[in-house]
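Let me begin by presenting the structure, written as structure tokens, before commenting on it.
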Amino acid sequence: MPELLDDLRVIDLSSGPIGGMATMVLADFGADVIKVERPGGDPWRNIANAPMWLRGKRSIVLDLKTQAGSASIAQLVENADVVLTSMRPGKAAALGVDYESLNAANTGLVYCAITGFGPEGPYADYPGYEAVVAARMGRMLTFKGLADREGPAYAAVQAGSHATSQAAIHGILAALIARRETGRGQLVETSLLQGLSSYDLGGLFRTQLAERYPEVFADLAMSVMPTLNYHALQTKDGRWLQFGNLMAHLFDNYLAAAGLVDVLADPDYEGSPAQWPEGARERLRDRMIERTLEHTVDEWMETFIEHGGVAVTPFQTTQQALNDPDLVLNGHVVERSHPTLGMVRQLGPLARLTATPGTPGEAGPEPGEHTKEILSEGSRSPRIAPGDVLSHPPLQGITILEFATVIAAPLGAALLADLGARVIKVEPIGGDPFRGMGVASLGAGRCNGSKESIALDLKTPEGQEIVQSLVRETDILIHNYRPGVPERLGIGYEALKAIRPELVYVYVNGYGRLGPGAHRPSTHPIPGAGLGGALMQMGEDMAPVGTTIAELREVARKFFRANELNPDPNTSVVVASASLLGLYSRIRFGAGQEVFVDMFGANAWANADDFISYDGKPPRPTLDSNLYGLSATWQLYPAAEGWVFLGLAFQQEWEDFCQLAGCPDLATDPRFAAPADRVTNDGTLKGFLSDLFQQRHADEWEALLAPQGLGCVRADSAPVGEFIAKDEHVGSNGMRVLVHNTNYGDYERYGPLTTFSENKLDLGGFPLAGEQSASILAELGYDPASIEALREKGVTWSEAPSSLFVETP
């Protein structure tokens, strides 16, 4: 069979890793990716992971400011299927490579534009660096309290870059699928602001509900200490284990394996740990700490793995993760020879597609290595003539069945629902347990937007018969059961393949299907600890060794804050990408297949800045102990009022900053004049800049510098949910959408991760559990009497609408 995307030519006009990682995925699956570089090459080539995101591509150097460069790019675009850019709004038009200009020459062109803050609004021309966007939207306030100081803390994991890169893949593949129907290309847009929005599950919803029901939310605050389910514990040899036993049965498994099961006989420990008396909860916390100190990390892991039902992993760095057996055996680590670096160990394919697998390409090219070759190539085969504009969503007509709980897989399915797929969530009787966690199901609302829901008992013959009827018209199935469970429930791949050979069957788990962890449970803190993100977020005092209970409690508290929920959405965006790859394959070749996604692999991609190894590789930058940032020109500073984040990536930005900030002497000071000088004298420069930022308020600094294209923004204006709910820039870019829920009425939810110029999206609210059970069964031919009989037998169920809170007058 041909490679999945070998029918595509992609012109990569982007600079840096966000666009680079997106086109790397396309190249891994067979696309001919031509990287267009400025004279001198992509300025981001000097970062540590550039050898990875340059792989499998061809390079051409063009000066787009010249007539010859413009003529050459026109020649390339005439034969292209996809163009990807990462320029600030207006720059592409100035160079003649904006969508309108290129579409005029090639109406079948899918043009994906990645920006920092979106194409409209007051922040549109701010620098599109992840840290700048994260600071401005309040993400750095998520880590407030992690450092032993006031104010926001630097967000270490480049999760937004990961999500934005994947969002570009979503948009490109969805637009290509739509093009097969219409012959027309279109403009696809995404931004770091949209990508970073993936990591706020409940903040926007909570902000609105808190205004409606202030008495309910007034006293709700994040617990200082970690939940017992999600605790970090130090072992005898000074290392740390991260636990992730979200469900009650998993926590019971932990208690049994750790020799603490006696607590379950105590009436103080009845029900969920969240319901236990505080004194009882803290007594058990101390017992857990003391008990874990009795054995080494290896001894405990042997015990927990032997038990089989405990979600736990040791903390490790990203470099250590390159040798993790689950990552290696599931193909997430590959080796490629490089002409100057030798053997390079790096990320494998994004997901494992069994019929049309990805194959990472060889070493990336030198700048302009293929210029003559590319310019001498003739025209490619003609495409079908463009037809009429179809304004419906790009995935309209695609049906997805989701058998998944909590966040990672359900949110991935929700992203596909936002693109127009009909997603039917098949829930257990009583609903996805995530619906009952926390106040008002805040996170569950985000994870189930735009879906329908049917609740079924899959352990009954009737429930399995209903699912088999649904599968006959299904294009994609997504589940996150542990191995063996789908087969017991009648939804294993082989059984469903016999019913629907074209089915794209997406299996999402924690560690991957092929390694030693295949049968082990996982929740978001596990890959957070196992892939290095949590240790990075802790700063240079990574995982200190505590000696007293008080010290160990404090380190555990910090780990709880550092190991935030990003590993779930990190996985969700990969679930959506992998599903679309499988769907494209099905549409192109006519056959279904199994697709495997796992949380460890997805989070390797989120830590891609360091998930690469070669002789001479620069070490991953380390956060300072106070979590200000990575260097004097890339960190948080307190201003006269408020906090700013300063992010200057290039020499010209440094020189412009010094002029505009009123300190021109710094630019010519030999201690700071060149990048290497600033590294050598980093501490001294921090002192100068700390004093400088005390001269103005944070808002004044932003107004002075950011509109001029310099990365200096206020970092403490509002938490993410409040920023999204109230900032005018968000509204200008369509990132708030009014929808409806049966219990809550109208509310605003997040907009899509990608937008389309021709295919209009129609986003929906989230359903109650089983809200569409009756209507879906009726579609399958069940009459009202039969449906009622199924309800009485407990085969199906629907959550009753309820008035959750009393409206405030």
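Take 9 as the starting number for the sequence shown in my numbering and just add one per residue.
Ideal Cβ placement from N, Cα and C applies to all residues, glycine included.
Hey, residue i and residue j are a contact pair by Cβ (cut 8 Å); roughly how many whole angstroms apart?
| i | j | result |
| --- | --- | --- |
| Ala570 | Met546 | 5 Å |
| Thr407 | Glu481 | 6 Å |
| Arg96 | Asp133 | 6 Å |
| Arg443 | Glu510 | The pair is not a contact, with the Cβ atoms about 32 Å apart (cut-off 8 Å). |
| Ser783 | Ser806 | Contact doesn't hold; Cβ gap of about 10 Å is too wide. |
| Leu204 | Met145 | 6 Å |
| Val821 | Val581 | Outside the displayed range of the chain (9 to 817) lies residue 821, so it cannot be described from this structure. |
| Ala56 | Pro626 | 5 Å |
| Val738 | Gly600 | About 39 Å; that fails the 8 Å criterion. |
| Arg63 | Ala371 | 6 Å |
On the three-state DSSP scale, how would you describe residue i?
| i | result |
| --- | --- |
| Gln667 | helix |
| Val814 | Residue confidence for Val814 is low, a pLDDT of 48 falling below 50, so the modelled location carries little weight and cannot support an answer. |
| Val336 | helix |
| Pro646 | strand |
| Pro394 | coil |
| Arg188 | helix |
| Pro10 | coil |
| Gly772 | coil |
| Val553 | coil |
| His705 | coil |
| Trp805 | strand |
| Trp284 | coil |
| Lys244 | coil |
| Ile415 | coil |
| Gly753 | strand |
| Met148 | helix |
| Gly590 | helix |
| Ala797 | helix |
| Phe818 | Only positions 9 to 817 of the chain appear in this structure, which leaves residue 818 out of reach. |
| Gly28 | helix |
| Ser740 | helix |
Can you name, in chain order, every residue of its own chain whose Cβ lies under 7 Å from the Cβ of residue i, other than the five neighbours on each side?
| i | result |
| --- | --- |
| Thr325 | Gly540, Leu543 |
| Pro817 | Any reading at Pro817 must be qualified, since the residue scores a pLDDT of 43, below 50, and its modelled position is unreliable; the value itself is stated next. Closer than 7 Å at Cβ, skipping near neighbours: no residue. |
| Val814 | Confidence in Val814 is poor, its pLDDT being 48 and thus under 50, which makes the residue's placement unreliable; the coordinate value appears in the next sentence. Here the set comprises nothing. |
| Arg187 | Gly116, Val118, Gly193 |
| Phe680 | Leu674, Arg686, Asn689, Leu693 |
| Gly729 | Asp208, Gly211, Leu212, Arg214, Thr215 |
| Gly267 | Arg299 |
CB-CB under 6 Å to residue i, same chain, minus the five flanking residues each way: which ones, in chain order?
| i | result |
| --- | --- |
| Glu11 | Gly38 |
| Cys666 | Pro672, Leu674, Ala675 |
| Phe619 | Thr326, Leu355, Ala612 |
| Met233 | Arg565 |
| Gly773 | Val747, His748, Asn749 |
| Glu833 | With the chain covering 9 to 817 only, the question about residue 833 has no answer from this structure. |
| Gly451 | Leu209, Gly210 |
Between the options, which has its C-alpha nearest residue i's C-alpha?
| i | options | result |
| --- | --- | --- |
| Ala648 | Leu217, Ala706, Ser639 | Ala706 |
| Glu197 | Asp156, Asp106, Met255 | Asp106 |
| Gly624 | Leu149, Arg353, Arg293 | Arg353 |
| Tyr119 | Val18, Val516, Lys65 | Val18 |
| Met6 | Thr364, Ser78, Ala100 | Residue 6 lies beyond the residue range present for the chain, which begins at 9 and ends at 817; the question has no answer from this structure. |
| Gly742 | Trp52, Leu201, Ala102 | Leu201 |
| Pro357 | Val85, Asp618, Gly492, Met32 | Met32 |
| Asn54 | Phe658, Gln166, Val747 | Phe658 |
| Thr172 | Leu718, Gly24, Leu236, Ser530 | Gly24 |
| Ala319 | Arg295, Ala808, Phe259 | Phe259 |
| Asp334 | Asp735, Ala526, Ser639, Phe567 | Ala526 |
| Gly554 | Leu644, Ile122, Thr300, Lys801 | Thr300 |
| Gln250 | Phe312, Leu195, Glu219 | Phe312 |
Considering residue i, what are the terminal residues of the beta strand (DSSP E) in which it resides?
| i | result |
| --- | --- |
| Val431 | 430-435 |
| Ser461 | 460-464 |
| Pro127 | That residue, Pro127, is in no beta strand (DSSP E); it is neither H nor E in DSSP. |
| Gln194 | 194-199 |
| Arg722 | 719-722 |
| Val318 | No beta strand (DSSP E) holds Val318; DSSP gives it neither H nor E. |
| Arg353 | 350-355 |
Between which two residues does the alpha helix (DSSP H) carrying residue i extend?
| i | result |
| --- | --- |
| Glu219 | 211-220 |
| Ala58 | 58-61 |
| Leu258 | 256-265 |
| Ala100 | 99-102 |
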